[in-house]
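K.L.:
Counting in full-length UniProt numbering, the sequence shown runs from 1 upward without gaps.
C-beta atoms are modelled at their ideal positions from N, C-alpha and C, and glycine is treated no differently.
What follows is a structure written as structure tokens; I'll ask about it next.
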Amino acid sequence: MASTSTIPNAGATTGTSSLSLDLSTATFKRLHPRTYLERFLTSHIREDGRLFSTWRPTSAVMGAISSAEGSCLVRMGVTTVVAGIKAEVAKPDIARSTTSSHSSGTAAKASAGWLVPNIEISPLSSARGRPGPPTEEGQLLCDRLTDLLASPSRPVIDVTSLCIQPGVAAWCLYLDITVVSNDGNVLDAAMLAAIGALMDTRLPKATFHERTNRVICSDDPANSAPLPLLSLPFSSSFGIYEGAHLLSDPSSFEAAFTASSHIVVGLSEWTEEGSTWARAVASFENDSEAQDGAQHSMDTDEDFKGDEGLNHLAITYLHQVGRCRALLPPDELQGPANREQPSALLTPLQVITSCLAKAKRRYAELKGVLETARSEAHSKRIEEQKAGVRTSDE
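This is the structure in structure tokens:
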């Protein structure tokens with residue numbers, strides 16, 4: 001834990017060594033947070049013991065909310081996020097359905113449903129939390145989550161598949177995400193929880209009766225069906241400290257010093273047969289050295305084709321703010337001798353490329369986390385059904 005960490009080289013870089021040595025770790029961190037962080041980073045390690053390119057342990061549990069059509073609880077280190085989906089019958093969005101590229105029928109007959117994401121950061125999630133209206137952080141997270149989930153060319157779901165009766169009724173899926181504990185990198189955890197909840201969602205069989213002009217939903221779980229997903233997007237976040245240290249999965253403490261220089265990479269695996277990907281464009285903002293070539297196109301097919309177990313993986317979101325310069329992380333240098341040498345300064349494009357490579361490896365990990373959670377939830381559902389049959393027989 002951070003409160004019991006030994007401060008590397010305490011007092012060695014200032015004239016207050018005797019005072020620093022007398023302070024407890026927690027007190028020193030509170031009074032001199034930047035110096036506290038720098039002493040870890042200059043020793044090529046992070047406050048929680050991770051290497052620069054290491055992610056926190058991540059786990060997921062599907063079916064965490066019994067009253068929801070689908071749910072998922074995600075833990076990423078101490079950061080904890082829960083997502084739940086409630087389905088309601090609503091008027092279809094005909095305007096969107098006529099422009100949907102995934103409509104199974106003619107544009108005139110198609111009727112799109114809705115996916116409405118919302119994220120709430122509990123005031124008890126961290127010491128910074130305050131009761132009241134939605135915070136600016138929460139609104140920004142919701143906007144980014146929407147961008148990741150509702151990409152026009154790469155949607156997670158085909159909204160026309162939510163149609164119950166063309167032009168009359170369709171499913172509206174409310175995706176509610178709550179941040180229970182906030183220790184940094186909430187976006188990645190929220191995105192993972194959102195996809196997990198969608199994977200866990202089962203919609204009841206719905207039938208429209210013209211005589212009564214009503215939609216009747218079956219209450220038999222056996223008649224429910226999983227939600228078909230077109231793609232599986234995940235995000236991977238990075239922070240850059242003082243234009244030198246590139247940190248994967250920043251903690252809340254680290255994020256306070258990297259907020260002005262960070263990178264978010266969104267990757268997605270397309271699941272629909274015969275699909276094609278558009279070229280993604282990465283923009284470098286507020287970096288004077290990147291102004292001449294402010295936009296670099298990333299050919300996703302060239303970057304990601306041929307990876308074992310990851311088909312049609314492509315960039316769906318790339319957000320970079322601040323000065324995109326960093327040193328090559330010491331844990332990526334080959335051989336003990338090289339780790340003692342000064343790290344090379346990476347160009348902005350090299351930093352982005354490095355983040356993409358890390359995000360690709362992280363994607364495989366996150367996909368495995370959700371596949372394990374889905375398998376466990378499926379086994380639990382079967383056991384519950386068997387238990388219900390035994391109870392009815394008795």
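Can you have a look at Pro-233 and say buried or exposed, based on whether 16 or more other CB atoms are within 10 angstroms of its CB?
P.N.:
Per the 10 Å Cβ criterion, buried.
K.L.:
Excluding the 5 residues preceding and the 5 following Gly-138 in the sequence, name in chain order all residues of the same chain whose CB lies nearer than 7 Å to its CB.
P.N.:
Cβ within range, chain order: Ile-119, Glu-120, Ile-121.
K.L.:
What's the C-alpha gap between Ala-259 and Ala-357?
P.N.:
Approximately 22 Å, taken between the alpha carbons.
K.L.:
With distances taken from CA atoms, which of Asn-213, Leu-267, Glu-242 is nearest Ala-255?
P.N.:
Of Asn-213, Leu-267, Glu-242, the residue nearest in Cα terms is Glu-242.
K.L.:
Looking only at its own chain, which residues have a Cβ that is under 7 Å from the Cβ of Lys-380, when we skip the five neighbours before and after it?
P.N.:
The answer, listed in chain order, is Gly-63.
K.L.:
Let me know the secondary structure DSSP gives Pro-226 once reduced to three states.
P.N.:
In this structure, Pro-226 counts as strand in the three-state DSSP scheme.
K.L.:
Excluding five sequence neighbours on each side, which residues of the same chain lie with their C-beta closer than 6 Å to the C-beta of Ala-12?
P.N.:
Here Ala-12 scores only 45 on pLDDT, less than 50, and its place in the model is too uncertain to base an answer on.
K.L.:
State the beta-bridge partners of Ile-216 as determined by DSSP.
P.N.:
For Ile-216, which the question treats as bridged, DSSP gives the partners Thr-207.
K.L.:
May I have the straight-line CA-CA distance separating Val-321 from Gln-385, to the nearest angstrom?
P.N.:
So the alpha carbons of these two residues sit roughly 50 Å apart.
K.L.:
Measure how close the beta-carbons of Gly-368 and Asp-200 come, nearest whole angstrom, since I'm counting them as under 8 Å.
P.N.:
About 16 Å; that fails the 8 Å criterion.
K.L.:
With 16 other CB atoms within 10 Å as the buried threshold, where does Ile-240 fall?
P.N.:
Label assigned to Ile-240: buried.
K.L.:
How is residue 397 classed by DSSP in three states: helix, strand or coil?
P.N.:
This structure cannot settle anything about residue 397, because the visible part of the chain is limited to 1 through 394.
K.L.:
Starting from Lys-29, trace the alpha helix (DSSP H) both ways and give me its first and last residue.
P.N.:
Its alpha helix (DSSP H) spans residues 25-31.
K.L.:
Please classify Leu-203: is it buried, with 16 or more other beta-carbons within 10 angstroms of its beta-carbon, or exposed?
P.N.:
Under this definition Leu-203 is a buried residue.
K.L.:
Quick check on Phe-52: does DSSP put it in helix, strand or coil?
P.N.:
Coil at Phe-52, not helix or strand.
K.L.:
Does the stretch 141-156 come close enough to the stretch 222-237 that 3 or more CB-CB pairs lie under 8 Å?
P.N.:
Yes, the stretch 222-237 touches the stretch 141-156.
K.L.:
Would you list the one or two residues that DSSP bridges to residue 415?
P.N.:
Residue 415 falls outside the range modelled here, since the chain spans only 1 to 394, and no answer is possible.
K.L.:
Can you tell me where the alpha helix (DSSP H) holding Arg-323 begins and where it ends?
P.N.:
Note, Arg-323: premise wrong, no alpha helix (DSSP H); not H, not E.
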